[in-house]
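Student: One line per chain: the protein sequences are A and B, in this order. When we follow full-length UniProt numbering, the leftmost residue of the first sequence carries the number 1, and every step to the right adds one. When we follow full-length UniProt numbering, the leftmost residue of the second sequence carries the number 1, and every step to the right adds one. Dropping a structure here in structure tokens format, bear with me for questions.
Protein chains: 2
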Amino acid sequence: MTRVRIDLFSSLDGCTSAGDGPENPMGEDWGPITAAYVATRTMKERVFGDTSGAGTTGIDDAYATAFFTGIGAEIMGAAMFGLHTFPDDPDWKGWWGDEPPFGFPVFVLTSTAPRPDIAMQGGTTFRFRDGRIEDVLAEASEAAGGLDIRVGGGIRTARAFLRAGLVDDLHVAIAPVVLDRGHRVWEDLRGLEQTHRMTTEVAESGTLHVTFTR
Amino acid sequence: MTRVRIDLFSSLDGCTSAGDGPENPMGEDWGPITAAYVATRTMKERVFGDTSGAGTTGIDDAYATAFFTGIGAEIMGAAMFGLHTFPDDPDWKGWWGDEPPFGFPVFVLTSTAPRPDIAMQGGTTFRFRDGRIEDVLAEASEAAGGLDIRVGGGIRTARAFLRAGLVDDLHVAIAPVVLDRGHRVWEDLRGLEQTHRMTTEVAESGTLHVTFTR
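Pasting the structure below:
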């Protein structure tokens, strides 16, 4: 059964980094709230191509491995793909180079004129859609071939799916820092613990891993 | 050496209950964010006079016990004492009955005309002060007789002491609920993890206990 999954990064005070233009699209707070994740063996290998075996192998790494497991399609917002940062580049192909680390269809939500599909190396195709999120989700479910769907972000896209009751599994990695600025991860999500079962775990790094499952 | 301590209750999204008038001074979200604490053996005995031994005895209870240990004076805001709720009652003596569960001097910060001290049964005296928080803290340190000082709340008073760098130990009990309303616990406290050492622990109830110590 295909499940809809979201992984988010938050500070202790429920903030996530706000982007800061083309030079720093994730914003300067992205580093501190993802530091423990970036340090894992899985992230070093999967995202940075470091196959030396370096990196942490504890609780953070277990969540990082789960992040990459069993996904057949992804849905992301226009901002995460980069359409807001580079609105005038019709050939923009995302931040991830010629061979993005997806390997499956990625549906990009856009309210501007949809673009033609882009087929990348390694099995990733970017497909631009301007329909209702429920309709895009239905199409992504078809494309996922029985595997799960990841709603990749950004935070506004993630919250839209959560508010609409479309998410089965939410994982939030809460870094032990107080940001007091940025986007609010939990905005409009009052009572989420009543529709989902919650678990909490503290990693060796001090990162709190919170999951909501239904 | 006298230390300045604060204990706070928060939701997962960094909110704490906002009061709702004389009938419900703590607000309707106070119950959900303090439920695990109220369930402890220590709170049942110390606050509700239940000496039957009922109540939880795990991690939540360890923090509840610490809360009551080693305090020689308290500082609280006018709102927490009730001066904002009952501004026209010159005989208001707080919410805690004839024998409040303090047993030491309690300094009430007020920007309106200070009232005479009130001596209650059981060793509690309420002392109303309109000076700078640093000056009140100095007076409370004298009164604490070598024990610690608790800044009891509410959240605005707690944040004022934290922002001013006056707090040695902060404990936040984070309940596994999303409120998305109320006062923001962490507002204006960006970077607190850089001036204090942080620990995190998950209680049997799902409550997260976060401490900041310097």
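All residues carry an ideal CB built from backbone N, CA and C; glycine is no exception. Because the structure is a prediction, the values reported are computed rather than measured.
Taking Cβ positions, are residue 107/B and residue 136/B nearer each other than 8 angstroms?
Tutor: Residue mapping note: residue 107/B aligns to position 107 of the second sequence, counting from 1. Residue mapping note: residue 136/B aligns to position 136 of the second sequence, counting from 1. In contact: residue 107/B and residue 136/B (Cβ atoms closer than 8 angstroms).
Student: Give, in chain order, every residue of the stretch 166-192 of chain B whose Cβ lies closer than 8 angstroms to some Cβ of chain A.
Tutor: Under the 8 angstroms Cβ criterion, the stretch 166-192 of chain B contributes 176, 177, 178, 179, 180, 181, 184, 185, 186, 187, 188, 189, 190, 191 and 192.
Student: Let me see if you follow: with CB-CB separation under 8 angstroms, is residue 145/B close to chain A or not?
Tutor: In the second sequence, residue 145/B corresponds to position 145, counting from 1. Closer than 8 angstroms: no.
Student: Could you tell me whether the Cβ atoms of residue 179/B and residue 190/A are closer together than 8 angstroms?
Tutor: As a working note, residue 179/B is residue 179 in the second sequence. As a working note, residue 190/A is residue 190 in the first sequence. In this structure, residue 190/A lies closer than 8 angstroms to residue 179/B by Cβ.
Student: Could you say which of 168/A, 38/A, 113/A and 121/A lies nearest to residue 128/A if we only look at CA atoms?
Tutor: In the first sequence, the residue the question calls residue 128/A occupies position 128. Closest by alpha carbon: 113/A.
Student: Ordered along the chain, which non-local residues of its own chain (more than five positions away) have a Cβ less than 8 angstroms from that of residue 193/A?
Tutor: As a working mapping, residue 193/A is identified with position 193 in the first sequence. Within the same chain, residue 193/A has close Cβ partners 212.
Student: Pick out the complete alpha helix (DSSP H) segments inside the stretch 123-161 of chain A, 4 residues or longer, and give them in chain order.
Tutor: Entirely contained in the stretch 123-161 of chain A, the alpha helix (DSSP H) runs reaching 4 residues are, in chain order, 133-144.
Student: Can you list, in chain order, the residues of its chain whose CB lies under 7 angstroms from that of residue 130/B, leaving out five sequence neighbours each side?
Tutor: If you number the second sequence from 1, residue 130/B lands on position 130. Only 110, 111 and 114 meet the Cβ criterion.
Student: Can residue 188/B be considered in contact with the ligand NAP, in the sense that its beta carbon sits closer than 7 angstroms to one or more heavy atoms?
Tutor: Ligands displayed in this structure: none; no statement on the ligand NAP is therefore possible.
Student: Is residue 201/B close to chain A, meaning its C-beta is less than 8 angstroms from at least one C-beta of that chain?
Tutor: One-based indexing of the second sequence puts residue 201/B at position 201. Closer than 8 angstroms: yes.
Student: Taking residue 170/B as part of the beta strand (DSSP E), name the residues at either end of that continuous run.
Tutor: Sequence index remark: in the second sequence, residue 170/B carries index 170 (1-based). That run of the beta strand (DSSP E) goes 169-175.
Student: Looking only at its chain, what residues have a beta carbon closer than 6 angstroms to the beta carbon of residue 186/B, apart from the 5 residues adjacent to it on each side?
Tutor: Here residue 186/B refers to the residue found at position 186 of the second sequence. The answer, listed in chain order, is 14.
Student: Just grab the DSSP bridge partners of residue 71/A for me.
Tutor: On the first sequence, position 71 is the one that residue 71/A refers to. Residue 71/A is bridged to 148/A.
Student: Is the separation between the beta-carbon of residue 85/B and that of residue 60/B shorter than 8 angstroms?
Tutor: Residue 85/B sits at position 85 when you count from the first residue of the second sequence. Residue 60/B sits at position 60 when you count from the first residue of the second sequence. No, Cβ-Cβ distance for residue 85/B and residue 60/B is not below 8 angstroms.
Student: What residues from the stretch 117-137 of chain A come within 8 angstroms of chain B, judged by C-beta to C-beta, listed N to C?
Tutor: Against chain B - using a Cβ distance shorter than 8 angstroms - the stretch 117-137 of chain A contributes no residues.
Student: Give me the chain A residues within the contact set of residue 210/B, using Cβ-Cβ distance strictly less than 9 angstroms, ordered along the chain.
Tutor: Within the second sequence, the letter at position 210 stands for residue 210/B. Near residue 210/B (Cβ distances below 9 angstroms), the residues of chain A are 12, 176 and 208.
Student: Return the first residue and the last residue of the alpha helix (DSSP H) that residue 198/B is part of.
Tutor: In the second sequence, counting from the first residue as 1, residue 198/B sits at position 198. From DSSP, residue 198/B is part of no alpha helix (DSSP H) but of the beta strand (DSSP E) over 197-202.
Student: Determine, for residue 198/B, whether the minimum Cβ-Cβ distance to residues of chain D falls below 8 angstroms.
Tutor: The structure shown has no chain D; the protein chains it does contain are A and B.
Student: Kindly identify the DSSP beta-bridge partner or partners of residue 16/B.
Tutor: As a working mapping, residue 16/B is identified with position 16 in the second sequence. Bridge partners of residue 16/B: 183/B.
Student: If I measure Cβ to Cβ from residue 25/B and keep anything under 6 angstroms in the same chain, skipping five residues before and after, which residues do I get?
Tutor: The count along the second sequence starts at 1 and reaches residue 25/B at position 25. Excluding residues within five positions, the ones whose Cβ falls inside 6 angstroms are 19 and 85.
Student: According to DSSP, what are the bridge partners of residue 119/A?
Tutor: Against the first sequence, residue 119/A aligns to sequence position 119. Bridge partners of residue 119/A: 125/A.
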